[in-house]
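Since the structure comes first, as structure tokens, the remarks are kept for the end.
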Amino acid sequence: MAAEGGSSSGEAFILTDEHFTEGVAEWTNEDDDDAHDGIMPGKEGEEGEEKKMDVGFSGDPSTHSRPDFWKVTDLAFDLTADFDVKVLRGFVDLSVEAVGSGDENLILDTRDLVIESAALIRGKAETPVPFILGKNADFRGSRLEIVLPPTKTDCKLVVRVHYSTSPHSSGLVWLRPEQTTSRTLPYLYSHSEAIHSRSIFPCQDTPAVKSTYSAKITVPSGLTVLMSAIGKGKEAEDAGNVAFRFEQSVPIPSYLVAIAIGNLESRKIGPRSHVWSEPELVDKAAYEFAETEEMLAAAESMVGSYVWGIYDILVLPPSFPFGGMENPCLTFLTPTLLAGDRSLANVVAHEIAHSWTGNLVTNRNWEHFWLNEGFTTFLERKIKGKMMGEEHRQFSAIEGLESLTDEVNRRGLSDPLTKLVPDLSGLDPDDAFGSVPYEKGHSLLFYLEQLVGGAEKFNPCLKAWIDKYKYQTADSQDFKGFFEEYFHKSVDAKVLASIDWKAWFDSPGMPPVELKYDDTLTKACTALKDKWCSTSDKDCSCFTGKDVVDFSAAQKINFLAQLLHEEPFCVEKLHAIDRAYDFSGSLNAEIKFRWLRLCIRGKWEDMIPQAVAFAVEYQRMKFCRPIFRDLYAWNRSKDLAVEAYKLHKDTMAYVTATQLAKDLNLA
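If you're matching positions, the sequence shown starts at 13 in the working numbering and goes up one per residue.
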């Protein structure tokens, strides 16, 4: 389904007189000078104007934009990547449709963008229009107001904005050649979730708005460009450059517009999938993610056809801050998943699930983030259950509940950000990121599934939810109403009335209902943990590698996770664990991460350099933030943690650097 009024080809909408109200078809800048305080094209608004216009969209506290005035339906980019100064420059054409009275201006989000000009596109002509760029007052960035002539409701215009990004864009990570695996060419990748698209292009940076997009991206020859869209070929340009073209015909929110540029190669891993990475990693990645098509097919069997055409994967450099990012047509993945045995490929199942829950049905604002991540975690585990068995699905749920417990304990039982639906007024959505929307959201869905009679009854409801809200956005009340309507005839009214929705949505802390999972796969992990805890520090010779020879990687991870909930072991006992199981030599990043945390908590000084090196090399926030926090909490390593952060912060993604600064009390 294409967006209303959108143009997936990126061609400009032709502006004609009939789109204006009577008497303003020949509108010019001069006609409206007085009405707009003399602000002319290229003039940045003064502080007074910023205060005057500081009114946001009531549907999303994280945006300056006003999609209730004008709604963006299509984006067409023409940008050049300048690696010398670390900026993208060019223009974007925004196809917009009046949804208000037609008298309002176009309000967009920006952050650290240099706005050069704004114009209406009419045929091949650009008619300059005034704009007001507000001050960068808080985490929302700067409000950009583009002055438009009065028009009719439903009028459709194309507004062109010439601009460039900042070298310090929060949504772009620029890497020097020596920071890449190949060490020959520079690299650029974006990360926009939650509200960093505004640092890459002027936009309505709210998930409430979806649009199609097309792009022409010009780069130096030798580099490859990928985007969250279908590639439409490349062509030679002047000065040794090459231009890549892309088209995304399915409407998406701004945070899913993604780009990567680098020395990239691909391998085919399925009928609709390639894996991309730097040449040194591409074959390893192809092996690791060979089960991608099986996961896609499993998801389709539960929630319907995959609508995005291709499902490609890009393995990014180690500075990528997340395990994965569900960019349509091009999932971004961390290299920490390359364990060599496919044991961490479940992250691919999670990103695949987002193709329906998150990308197709999207949370209306970031307060309802669980509709993206809770549903996706739920579907991810259903994919795992379909491929490996129900006990594996429930084993993953137990691990997830432990992760939620850790976060709630760290934040505090009454912390408002442990609510499933937090109030984000005045708060940066990045500060709310954590396991709560994933695992508390999953817990609610698992609870509802059991309440209505199990997966056989709930799976059709999940598919019906997606069918009803696909290509749209939703909030928590939408889901509550849908669920009650779907089951009002097939489930006893008293059962439905027993659901305490307010407690689930609005209460901080752990879920209001204690859930029971199949613990078949955790029993051996718990037994081994208990044996270690009850054994004297001086008498650990009874433990050998045979203890874990039948453990899966996930069970080893669970064993270590359980140890992290116990009192720290002494260094002597940690030595014994490593002699028996060689966790220090593990290539599995999830195992290595938990092992290093155990060592730091046990105050094993010789492991400090390994822990620092791991946290600095693998800047996935799931790993580096807890390790940095552990190092900071120990006087012996506190100063070293701060020193390592300061030394490497400029190589980190913006979100990683800012969150670590808070962890280390540097912000």
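Idealized CB from N, CA, C, for every residue including glycine.
Membership of MET314 in the alpha helix (DSSP H) is indicated by the continuous run 304-315. For MET239, the enclosing beta strand (DSSP E) stretches over residues 236-239. The beta carbon of ASN421 sits closer than 6 Å to no other beta carbon from its chain once the five residues preceding and following it are set aside. Excluding sequence positions up to five before and after THR122, its CB lies within less than 6 Å of the CB of GLY153, SER154, LEU156, ARG210 and PRO214, all in the same chain and listed in chain order. Residue environment for GLY336: buried (at least 16 other C-beta atoms within 10 angstroms of its C-beta). DSSP lists ASN253 as the bridge partner or partners of PRO232.
Here DSSP, grouped into helix, strand and coil, assigns HIS362 to helix.
Going by DSSP, GLU655 is part of the alpha helix (DSSP H) stretching over 647-660. For HIS76, no beta strand (DSSP E) encloses it, and the DSSP letter there is neither H nor E.
Between the alpha carbons of ASP559 and ALA539 lies a distance of about 11 Å. The bridge partners DSSP lists for VAL373 are THR369 and GLN484. Distance from the Cα of LEU200 is smallest, within the candidate group ILE589, ILE229 and HIS286, for ILE229.
In this structure, LEU293 lies away from LEU356, with their beta-carbon atoms at least 8 Å apart. Scanning its chain for C-beta atoms nearer than 7 Å, with the 5 sequence neighbours on each side dropped, one finds around GLU403 the residues ASP530, THR532 and LEU533, in chain order.
Inclusion of PHE143 and ILE133 in the CB contact set at 8 Å is not warranted, their separation being larger than that value. When VAL525, GLY521 and TRP288 are compared, the shortest CA-CA separation from SER510 is found for VAL525. Selection THR192, SER204 and ARG195 evaluated against GLY183 yields SER204 as nearest (Cα-Cα). If one requires a minimum length of 3 residues, the beta strand (DSSP E) runs lying completely within the segment 445-522 are 484-486, in chain order. By the CB criterion at 8 Å, TRP288 and LEU326 fall inside the cutoff. For the 8 Å CB-CB criterion, ALA601 and THR343 do not form a contact. Apart from sequence neighbours up to five positions away, the residues of its chain that approach TRP513 with a beta-carbon distance below 6 Å are LYS492, ordered along the chain.
In the same chain as ALA656, and ignoring 5 residues on each side of it, the C-beta atoms closer than 7 Å to its own belong to VAL624 and VAL628, in chain order. The alpha-carbon separation between GLY274 and LEU197 amounts to approximately 7 Å.
Rounded to whole angstroms, the separation of the alpha carbons of LEU160 and LEU118 is 7 Å. Taking C-beta atoms under 8 Å as the contact rule, THR388 and GLY401 fail to qualify, at a distance of about 21 Å. Distance from PRO79 to GLY114 at the Cβ level is roughly 15 Å; contact not present, criterion being Cβ atoms closer than 8 Å. With a cutoff of 8 Å on beta-carbon distance, PHE458 and ALA515 are scored as not near each other. When secondary structure is reduced to three states using DSSP, LEU160 falls in the coil class, being assigned neither helix nor strand.
Annotation for LYS541: PHE571, GLN574, LEU575 and GLU578 place their beta carbon closer than 8 Å to its own, counting only its chain and skipping 5 residues before and after. Under the three-state reduction of DSSP, PHE563 is assigned to coil, being neither helix nor strand.
Shortest Cα-Cα distance from PHE89 to any of ASN677, GLY102 and ALA679 involves GLY102.
In chain order, ILE612, LEU643, ARG648, SER649 and LEU652 place their CB closer than 8 Å to the CB of ILE620, counting only its own chain and leaving out the 5 sequence neighbours on each side.
If you ignore the 5 residues before and after GLY252, its C-beta comes within less than 6 Å of the C-beta of SER233, all in its own chain and listed in chain order.
Under the 8 Å Cβ criterion, the segment 465-473 does not count as touching the segment 448-456, having fewer than three qualifying pairs. The segment 314-329 and the segment 161-180 do not touch, with fewer than three beta-carbon pairs separated by less than 8 Å. Assignment of VAL269 by DSSP, reduced to helix, strand and coil, places it in the coil class.
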